[in-house]
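Worksheet: one structure, shown below.
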Amino acid sequence: MGRGKIVIQKINNSTSRQVTFSKRRKGLIKKAKELSILCDAEVGLAIFSSTAKLYEFANTRLLCSLTTVP
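Residue numbers (the UniProt record's numbering): 1 to 70.
Structure below.
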């Protein structure tokens, strides 16, 4: 028996919204790392919070190629 479906809608409580953002951000970055390793893919990820804070992930090869682009 799996998890039940949740309704996708904005979370009105700011504390709950921040907790959910933090958990999902960590999960998304973990999945990006896994995709990079398992599929030998170049992965870049940028996430902005509601306060405009930037969270980013890039595998080493992609990071090198991004810094060398004129």
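Beta carbons: idealized from backbone N, C-alpha and C, even for Gly.
Inter-stretch contact (C-beta, 8 Å, three-pair minimum) for the segment 3 to 10 and the segment 26 to 39: No, the segment 3 to 10 does not touch the segment 26 to 39.
For A52, the first and last residue of its enclosing beta strand (DSSP E): That residue, A52, is in no beta strand (DSSP E); it is neither H nor E in DSSP.
Residue range of the alpha helix (DSSP H) that includes G4: Run containing G4: none; DSSP gives neither H nor E here.
Between the CA atoms of G27 and K53 - distance to the nearest angstrom: Between the C-alpha atoms of K53 and G27 there is a straight-line separation of about 17 Å.
Where F48 falls, given that 16 or more other Cβ within 10 Å makes a residue buried: Residue environment for F48: exposed (fewer than 16 other C-beta atoms within 10 angstroms of its C-beta).
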